[in-house]
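This report concerns only the one structure given below.
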Amino acid sequence: MEALFAVLVGIFFAAALYLMMSKHIIRVLLGVVLLGNAVNLLLFTTGRLTAEVPPIIPVGSDTLAMSAANPLPQALILTAIVISFSFFCFLLVLTYRAYQDLGTDDTDDMRVAEPKDEPMPPTGY
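Following my numbering, the numbering of the sequence shown begins with -6 at its first residue and continues without gaps.
Quick look at the structure:
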């Protein structure tokens, strides 16, 4: 089961990196979302995938059973979900605001500080 999840995490990372290298901001945003989900799935997979034993300490015992899933990655995933969603919302607002000002989502056309028609500054002395 972990091997299947490892392959799925790899596919998510590859798709996220491919989308983040795009020139269009919307694709970059989708890449950020996929990257967040890949990290969450990676954390979930490291916590041992067992369907039979929940991570609950039984009565009269001080520790978890050896076959139980580790609850720490699950708590980390909850934190990572909140952080990745808030980061996505922040990027979405920035993208929308840039689209309102510039009228495009192409990063090549968003070069306000470096217009294409102006000559290059001197590069040598």
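The C-beta atom is built at its ideal place from N, Cα and C for all residues, glycine as well.
Going by beta carbons, L57 and I70 fall outside the 9 Å limit.
Counting only runs of 4+ residues, the alpha helix (DSSP H) found wholly inside the region -1 to 41 occupies 18 to 39, in chain order. A contact between stretches requires three or more CB pairs, one per stretch, nearer than 8 Å, and the region 30 to 42 meets this requirement with the region -2 to 12.
Per the DSSP secondary-structure output, D99 pairs in a beta bridge with H17. Within its own chain, the residues whose Cβ lies closer than 8 Å to the Cβ of D101, once the five positions on either side in sequence are excluded, are K16, listed in chain order. By the C-beta density criterion, I19 is exposed, having fewer than 16 other C-beta atoms within 10 angstroms. Secondary structure at I70: helix, using DSSP grouped into helix, strand and coil.
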